[in-house]
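From first to last, the protein sequence lines stand for chains A and B. With UniProt numbering applied, the first sequence covers 1 to 327. With UniProt numbering applied, the second sequence covers 1 to 327. Using N, Cα and C, we set each Cβ at its ideal position, and we do this for glycine too. Accompanying notes for the structure given below.
Protein chains: 2
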Amino acid sequence: MYSVEELQKIIEAEIISRSKQLLEQNPVELYEPISYSLEMGGKRLRPVLLLLAYNLFSEDVIPAVPAALAIEVFHNFTLLHDDIMDKADVRRNRQTVHVKFSENSAILSGDAMAFQSYKYLVECKSKRLVEALELFTKTAIEVCEGQQFDMDFENRMDVTVDEYLEMIRLKTAVLLACSLKAGAVLANASAEVANQLYEFGINLGLSFQLQDDLLDTFGDQKTFGKKIGGDILANKKTFLLINALENASEAQNTELLNWIEKSVFHPDEKIEAVTGIYKQLGIKQLAEEKVDFYFKKAVACLEAVQLEDVIKQPLRELANKMLIRRH
Amino acid sequence: MYSVEELQKIIEAEIISRSKQLLEQNPVELYEPISYSLEMGGKRLRPVLLLLAYNLFSEDVIPAVPAALAIEVFHNFTLLHDDIMDKADVRRNRQTVHVKFSENSAILSGDAMAFQSYKYLVECKSKRLVEALELFTKTAIEVCEGQQFDMDFENRMDVTVDEYLEMIRLKTAVLLACSLKAGAVLANASAEVANQLYEFGINLGLSFQLQDDLLDTFGDQKTFGKKIGGDILANKKTFLLINALENASEAQNTELLNWIEKSVFHPDEKIEAVTGIYKQLGIKQLAEEKVDFYFKKAVACLEAVQLEDVIKQPLRELANKMLIRRH
């Protein structure tokens, strides 16, 4: 059985070696942004989940490494294109691809990454490869749907909590769930267990994204990584804002809408004012309860999987680490 | 045996029906541009080639229709993204997707189309599906490489004929070749025949693209569709310009470079002047010879395929139709 740290090392080494191979190919203008994107780091959460799931059913995880890589390359492809669409200049403290290279580079190298992820996935010699490909393709389309909903929400003030949860399910949760299920499918697990792991991933993903919403406003600047209050400044329709708009008194609603419509303001002042309204409305506690709700559902899905407790321990640990209470 | 026209009708009907299905899905903002792109028309050359190849080995082409659709959806995905990168506003007399909708729409709906093409391909129940998926994926990456080379050539004045031929092989020819080979593979043809059809497609594609270069300058406005002289105005490194630069006298070279560097000019004057130099240098004949060279190679590949002549007739006819002498 592998630990999370061991799997992270395996993936990191594989990424470095594959990235080098890509850099040897022509045209270098296509492959350099891919290599830059892959070597940006990150927690490699999705490929680790895939290998952990595979490891539930197979001692040796090495045959599944190309599939793990495929998921990570796909995830990085979405970052390249999302960063163009969201006009994001910085990611993980480095320039995004469309800033460092060009927008055309980010489009085309992103496309090549999408196909490269299939190339890696097809390398897996599993008799259930086609099933994994179907799952991966369905998931990729859902992630596009999620990003479209997210963009559409920018222009709407009437987004409901249910719509929001569906958006983050598509944009974030299904890829975590796909990673887990793909690992199980490639290891030839039963449909029942594969689906339990998928549900575990969905609930973990929802919990994880809701926590991200919370941390963006109520997190600790030192450990969060991004600047606190970014969502508030961008008027992002997060779980916090949607609930605030739904529960606000008339006066609070007016104040919220004023801050949303203002084009000239001092950033810290806006963050403080909106956070103040959230506090008055108990939004922090509401979000924390929702994080816990989905986290408990996730844990229940994992517990339902008919395998020895000790075998499921690394997955349980990773889930706990992802949802550590930093707020 | 199906005729080209029968296959075109089958594909057109399938596209309309699938496009309607997509429009019923949410978010509509994601699926509307896809439907718009698919219903733009075009000759449906690639899916017809796939079905013609399939039909060489199987009476009934219906099982291969999803794969044919996959190739067409992929092709249209490349148009969406290429049109952003090339800043093209019009295609087939209609606004391009990034103009009619938005650049973000063209990026994201394009991405969804890329994955949708896999979704359709995986619908095919063939025991050699994984082989077809590998071929399709390899081809998709090559098409990205071709587009990157094409963009890189914009900033270079020293592109060689060999580099140019490699670029159009990747950008145009491999997808025609992949369509043919995929049809053969899905119909469980031998590796030998599948590869002969692939080579037929490569040479047909090279011939076809070189003819397109020729027609862009020397074609008949009425039948060509696009405006004559577009490549000249855009300083595109076509087979014509590259050969002209290689064969020009010092005076002709200076004149060509002057026209290329000029930022203010009367379009018709530039077209006339550059076309004049092409004529002095016999570039038209050179290109015609190259079109014939690859067309004859293509025909030879098809003839080498060990099948009855009558069975190969529709493919031969389509190739002839594609390379009709309109110049």
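Alpha-carbon spacing of A:Q147 relative to B:N104, whole angstroms:
In the first sequence, residue 147 of chain A corresponds to position 147, counting from 1. In the second sequence, residue 104 of chain B corresponds to position 104, counting from 1. Distance between the alpha carbons of A:Q147 and B:N104: 11 Å.
* Asked: Which term fits A:N55, buried or exposed, when burial requires 16 or more other beta carbons within 10 angstroms of its beta carbon?
  -> Taking the first sequence and counting its residues from 1, one reaches residue 55 of chain A at position 55. Buried.
**the stretch 230-248 of chain A in contact with the stretch 272-291 of chain A per 3-pair CB rule at 8 Å** = yes
Run through DSSP, which three-state label would A:R156 get?
-> Numbered from 1 along the first sequence, position 156 holds the residue referred to as residue 156 of chain A. Reduced to three states, the DSSP call for A:R156 is coil.
query = Rounded to a whole number of angstroms, what is the C-alpha to C-alpha distance between A:F208 and A:Q21?
reply = Residue numbering aside, residue 208 of chain A sits at position 208 when the first sequence is read from its first letter. Residue numbering aside, residue 21 of chain A sits at position 21 when the first sequence is read from its first letter. Cα to Cα, the separation comes out at about 33 Å.
Handout entry: Cβ-based neighbour list, B:R326, same chain, cut-off 7 Å, excluding 5 preceding and 5 following
Key = For this step, residue 326 of chain B is matched to residue 326 along the second sequence. Residue confidence for B:R326 is low, a pLDDT of 45 falling below 50, so the modelled location carries little weight; the figure read from the coordinates is stated next. Only L215, G219, D220, T223 meet the Cβ criterion.
(request) Could you say which of A:L79, A:A189, A:L165, A:I168 lies nearest to residue 344 of chain A if we only look at CA atoms? (result) No information on residue 344 of chain A is available, as it lies outside the stretch 1 to 327 that chain A covers here.
*Rounded straight-line distance, which links the Cα of B:A182 to that of A:T160*: Along the first sequence, one-based indexing puts residue 160 of chain A at 160. Along the second sequence, one-based indexing puts residue 182 of chain B at 182. Those two C-alpha atoms are separated by around 46 Å.
Does the CB of A:H327 have a neighbour CB from chain B at under 7 Å?
Counted from its first residue, the first sequence places residue 327 of chain A at position 327. With a pLDDT of 38 at A:H327, under the threshold of 50, the modelled position of this residue cannot be trusted, and the question is left open.
Review point. Which of helix, strand or coil does DSSP assign to A:R92?
Key: Within the first sequence, numbered from 1, the residue matching residue 92 of chain A stands at position 92. Correct three-state label for A:R92: coil.
| said: Give me, in chain order, the residues of the same chain whose beta-carbon lies closer than 6 Å to that of B:F138; leave out the 5 immediate sequence neighbours on both sides. | reply: Locating residue 138 of chain B in the second sequence gives position 138, where the first residue counts as 1. The sequence given here places Lys at residue 138 of chain B; Phe does not occur at that position. Nothing listed; no residue qualifies.
*Does DSSP put B:I324 in a helix, in a strand, or in coil?*
Working through the second sequence from its first residue, we reach residue 324 of chain B at position 324. Three-state result, B:I324: coil.
So which residues on chain A does B:F149 lean against when the C-beta distance must stay under 7 Å?
Here residue 149 of chain B refers to the residue found at position 149 of the second sequence. Near B:F149 (Cβ distances below 7 Å), the residues of chain A are P27.
Is A:L113 close to chain B, meaning its C-beta is less than 7 Å from at least one C-beta of that chain? Looking up residue 113 of chain A in the first sequence gives position 113. Note on residue identity: the sequence assigns Met, not Leu, to residue 113 of chain A. No, A:M113 lies away from the interface with chain B (no Cβ there is under 7 Å from its Cβ).
- Task: Could you check what DSSP says for B:G183 in three-state terms: helix, strand or coil?
- Result: Reading the second sequence from its first residue, position 183 is the one you call residue 183 of chain B. Note: B:G183 maps to helix in three-state DSSP.
If the criterion is Cβ atoms closer than 7 Å, does the pair B:I141 and B:A173 meet it? The residue labelled residue 141 of chain B in the question sits at position 141 within the second sequence. The residue labelled residue 173 of chain B in the question sits at position 173 within the second sequence. The answer is no: Cβ separation not under 7 Å.
Worksheet item: Does the stretch 12-32 of chain B come close enough to the stretch 64-73 of chain A that 3 or more CB-CB pairs lie under 8 Å?
Response: no
Between the CA atoms of A:S17 and A:L52 - distance to the nearest angstrom: For the purposes of this step, residue 52 of chain A is taken as residue 52 along the first sequence, with counting starting at 1. For the purposes of this step, residue 17 of chain A is taken as residue 17 along the first sequence, with counting starting at 1. A:L52 and A:S17: Cα-Cα distance of roughly 21 Å.
*Segments of 4+ residues assigned as alpha helix (DSSP H) that fall wholly inside the stretch 82-139 of chain A*: 97-100, 103-122
Margin query: Out of A:I62, A:N26, A:E24, which one is the CA nearest neighbour of A:Y2?
Written below: In the first sequence, counting from the first residue as 1, residue 2 of chain A sits at position 2. Here the closest residue by C-alpha is A:I62.
Closer than 8 Å at the beta carbon, the chain A residues around B:L30:
Taking the first residue of the second sequence as 1, we reach residue 30 of chain B at position 30. For B:L30, the residues of chain A that pass the 8 Å Cβ criterion are C144, E145, Q148, in the order they occur in the chain.
Hey, A:V97 and A:D89 are a contact pair by Cβ (cut 8 Å); roughly how many whole angstroms apart?
The count along the first sequence starts at 1 and reaches residue 97 of chain A at position 97. The count along the first sequence starts at 1 and reaches residue 89 of chain A at position 89. 11 Å between Cβ atoms; not a contact.
Which of helix, strand or coil does DSSP assign to B:H266?
-> Translated into the one-based positions of the second sequence, residue 266 of chain B becomes position 266. In this structure, B:H266 counts as coil in the three-state DSSP scheme.
message: Quick check on B:H75: buried or exposed, where buried means 16 or more other Cβ atoms within 10 Å of its Cβ?
response: Within the second sequence, residue 75 of chain B is the residue found at index 75, counting from 1. When all chains shown are included, B:H75 counts as buried.
Taking just the CA atoms, how far does A:N235 sit from A:F153? On the first sequence, position 153 is the one that residue 153 of chain A refers to. On the first sequence, position 235 is the one that residue 235 of chain A refers to. When rounded, the distance between both Cα atoms is 10 Å.
Who are the near neighbours of A:Q25 in its chain, counting only those whose CB is closer than 6 Å to its CB and skipping five residues on each side?
-> Indexing the first sequence from 1 puts residue 25 of chain A at position 25. Only Y31 meet the Cβ criterion.
Answer yes or no: do B:S109 and B:P27 have a C-beta to C-beta separation smaller than 7 Å? For the purposes of this step, residue 109 of chain B is taken as residue 109 along the second sequence, with counting starting at 1. For the purposes of this step, residue 27 of chain B is taken as residue 27 along the second sequence, with counting starting at 1. Not closer than 7 Å, so no.
| With a cut-off of 7 Å, does the C-beta of B:A140 fall near any C-beta of chain E? | Although the question refers to chain E, the structure presented lacks it and instead comprises the protein chains A and B.
Own chain, CB closer than 7 Å to B:E317, minus 5 neighbours either side, in chain order = Locating residue 317 of chain B in the second sequence gives position 317, counting from the first residue. Correct list, in chain order: V4.
### Which of helix, strand or coil DSSP assigns to B:L25
Residue 25 of chain B sits at position 25 when you count from the first residue of the second sequence. Here residue 25 of chain B turns out to be Gln, not Leu, going by the sequence shown. In the structure shown, B:Q25 sits in coil (DSSP, three-state: anything other than H, G, I, E or B).
Next on the checklist: Rounding to the nearest angstrom, what Cα-Cα distance links B:D158 and B:N258 in this structure?
Outcome noted: Here the question's residue 158 of chain B lines up with position 158 in the second sequence. Here the question's residue 258 of chain B lines up with position 258 in the second sequence. Going by the C-alpha atoms only, they are around 16 Å apart.
- Query: So is B:H75 in contact with chain A if we call contact Cβ pairs under 7 Å?
  - Reply: If you number the second sequence from 1, residue 75 of chain B lands on position 75. Answer no: the Cβ-Cβ gap between B:H75 and chain A never drops below 7 Å.
- Pick helix, strand or coil for A:I228, following the three-state DSSP scheme. In the first sequence, counting from the first residue as 1, residue 228 of chain A sits at position 228. Note: A:I228 maps to coil in three-state DSSP.
- prompt: Any idea what DSSP makes of B:T172, helix, strand or coil?
  reply: The sequence position of residue 172 of chain B within the second sequence is 172, counting from 1. It is helical.
Checklist entry - Within 10 angstroms of its Cβ, does A:T254 collect 16 or more other Cβ (buried), or is it exposed? => result Against the first sequence, residue 254 of chain A aligns to sequence position 254. Result: exposed.
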